[in-house]
Every structure is written in structure tokens, then in C-alpha cells.
Amino acid sequence: MFNRDYDKDPFIVIWELTRACQLKCLHCRAEAQYKRDPRELSFEEGKNLIDQIYEMDNPMLVFTGGDPLMREDVYDIADYAIKKGVRVSMTPSATPNVTKEAIEKAKEVGLARWAFSIDGPTAEIHDHFRGVSGSFDLTMKAIKYLHELEIPIQINTVISRYNIDVLDDMAKLVEDLDCVLWSVFFLVPTGRGQESDMISPVQHEQVFTWLYNLSKRVKFDIKTTAAQHYRRVVIQNKMREHVANHEDINYEDALMKGATGTIDGLGRAPKGVNDGNGFVFISHVGDVYPSGLLPVKAGNVRETPLAEIYRESPIFKSLRNPDLYKGKCGVCEFRFVCGGSRSRAYAMTGDYLESEPFCVYIPKALRNKEGKESLSK
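Each residue of the sequence shown is one higher than the one before, counting from 1 in the UniProt record's numbering.
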């Protein structure tokens, strides 16, 4: 799993089963609708897609939406994948669809983990963000059901200006809810997400440092999305700690190879998963994208096999080549493990190879250049 070649096979596949959803989230990537789209991939097409995914060295598969529970055949699809040996998790919306019976059915099928979104430690903050009153209380009820059925819980949180000041309370809530993973998303202005909802570049850096310190004292894992530069912050902190402990590690070599699994503390993926690089997104109608946050279509599974799109598309191939990155990302010593959010670069500049616009770090190459220039003056 950890030694896979991202040029050939993804680490994780996200399949948007439907865009139908009863919520109206402020940041919704999918701009979800209340009704299902008649053009959605059918059950038979879904089975064919799962077969293709399995053949790509069996990556992790996540059902997302919209709300996956808006599809009546969601459990049939999950059952097919799980019986084939695919590890499946699901990110349903906290709506009245999430009944104890629905969760019991999921457990019977064998869904490995459920993920729910909580975007604030109080109903007031969360419900504002989700656009529906009562969403927070429904989420808490669903988590109670999951605990009763002993299903591991993942909490997803989008960091924005609405909750930046209550992150300590948010972390305490995740801890109190006894979750196995806190998946922290950093807003990308796509879909309904607005640039005005984002936190600043400096705040990104501050939250990264806070997350790293938090990771050392909580029992749940922490994972970030659209925050590739968090890896840099983790590695920098690890480097300082190793220096303080007089431990000898060749970080330069590790960074160039992108093989940071033993030193960065991120655990799951030993090299930097990024949009199109170990990551692929399939829309409800079969369109293939580097990620759900990078809306540049590379093909459609109804016309071209997924493996061919992932391996051969010029879009995917360019995203997997950090030497093509522009600006400071292109010369950064962390580019093989970080690479910046290609989604955010695209959203802010229109070019997915541009430099990550919300990173404050100045690469060594640029610092050395500035130093030499100042000496020559």
C-alpha cells in the first residue's frame, strides 16, 4: 500500500455517488442539489468502476456526495466493493437519512468507517456553516448510534474564518466524541466556497503549528486536506526535535526522494499525496478530476478506462511532476513531499501548476539568492 507508484496507481479514490443532498453548506464543493441527477452512474456502471479501481492495486475508496445516502442502492454498491476486497468508507451528510437502522445496515455490509462533518463546537456555528438548523444535533445523535454499534468515527472540519477562533474547543469536542481521526480541511474557493471565507496565509501557518502540537498530546490521528504545506511544518518541527536530541538523519536525501514516512509523523501516506498524484476523483456522472476541489476534467469513465485517464492524461502527468511547478513551489526543497495545494493554486490563479498562494514559507533557494544579491550591492 505504502510503496505504490503514484504514476501508476492512486493511494485513494473518491467517488461522488450523487450530488443530491438536503443540506446547503456554505463551502459546498459540489453545489449540491435537492434531487438526484438522472445522468448518475448506474448500479451496473458503478460495479464496473469498482472493478477498475480494484485493478489499480486496490486503493482506498471513499463514497462521497452530495449525500451518498440519497442513493437507495448505496449499500448494494458498498456490498459489491467490500466483497471484492476493497476498503470502503463513507461521508454521509447529517440528515434524517442517518437513522440507527441505516447505520446498522452499513455495519452489516462491512463499511469500515463513517465520517461526519462538524464545523464548530456549538450548534450555532456549525448550523450556520451547514445552512440548516438542527444539523449539529442530528450529527451528535448519529455519532451516538455509531458508538453503540462500535463503528470507528472520523470527524471532518473545514477551517474558515467562522471557526478559526474556536479551534481549541473544536479539538476538545473531537476528543470527547472519542473519534479515531480528525480530518481538517482548509477551504479552497470552489463551488459555493468563497475567498472571503478563507483564513489568511499567516493564519494557515499558525493553525499548522497548533495542529502539530495538538497531534503530540491527543489519541486521535490528524489528517489535513488542501494543506500540503502542513507536511513541511511537521517535518521542520521533527528536524528541530532531532537536532535538539543530537540525532543524525539525512533530511535532504529524504526530501528529494519524497519518502518521508519515517520522519514526518503523518503515517498514512509515506509520500505526499496531492491532486492527481495518488489521488483521483470521479463525479456522479463519471467525469474524472485530479480532485473534487480541482475542477479540470481529464476524461470520463463511460468513455475511457479509469487507469488510462489516471496514468496517461496530460493533466494528471503534469501534476505528478513537481519540477513543472512554478514560482517558489518550483524551487522549494519541500516540493516532493508538499507541492502546495494544486487546487488552491488553480482557484486563485487559474493555473494548477502555479505556486501555493497561501504559503508563507520562503524556500532555501530564494533565501540564498536574496542573500547573494544583497551582498553584491
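Glycine residues also receive a C-beta, built at the ideal position from the N, C-alpha and C atoms.
Just grab the DSSP bridge partners of residue i for me.
i    : result
Y289 : F281
S89  : V62, R113
T224 : V184
Q154 : A115, L181
Cα separation between residue i and residue j?
i    : j    : result
G110 : S89  : 9 Å
G131 : P121 : 16 Å
F197 : D323 : With the sequence shown as reference, residue 197 is identified as Asp, and Phe is not the correct amino acid for it. Distance between the alpha carbons of D197 and D323 is about 31 Å.
P189 : L167 : 21 Å
S135 : E205 : 30 Å
R4   : E303 : 26 Å
R113 : R367 : 44 Å
P305 : N48  : 10 Å
V98  : V174 : 20 Å
L146 : I103 : 7 Å
D9   : I309 : 11 Å
L293 : S313 : 18 Å
V178 : R240 : Before going on, a small fix: residue 178 reads as Asp here, not Val. One C-alpha to the other measures close to 31 Å.
F208 : D165 : 14 Å
T95  : S160 : 22 Å
L138 : I118 : 11 Å
I315 : F334 : 22 Å
For residue i, which residues in the same chain have their Cβ closer than 8 Å to its Cβ, ignoring the five residues on either side in sequence?
i    : result
D264 : Its pLDDT being 39, under 50, D264 is placed unreliably in this model, and the value from its coordinates should be taken loosely. Excluding positions up to five away in sequence, the list reads R231, V234, I235, K238, V337.
D51  : K84
E55  : A307
Given that a residue counts as buried once 16 or more other Cβ atoms are within 10 Å of its Cβ, and exposed if not, what is residue i?
i    : result
S42  : exposed
G286 : buried
E101 : exposed
I362 : exposed
V62  : buried
V158 : buried
G350 : exposed
D37  : exposed
A365 : exposed
Helix or strand or just coil, what does DSSP make of residue i?
i    : result
G350 : coil
N237 : helix
G330 : helix
R19  : coil
N274 : strand
G339 : coil
N97  : coil
G299 : strand
L294 : strand
R36  : coil
V13  : strand
I199 : coil
If you drop the 5 nearest sequence neighbours on each side, which residues of the same chain put their C-beta closer than 7 Å to that of residue i?
i    : result
S318 : L324, L353
G340 : Q228, H229, C329, S355, E356, C359
M256 : Caution applies to M256, whose pLDDT of 48 falls short of 50 and renders its modelled position unreliable; the model cannot decide the point.
P201 : F358, C359, V360
Under 6 Å Cβ to Cβ from residue i, same chain only, skipping five residues before and after it: list those, please.
i    : result
F281 : I14, Y289, S291, G292
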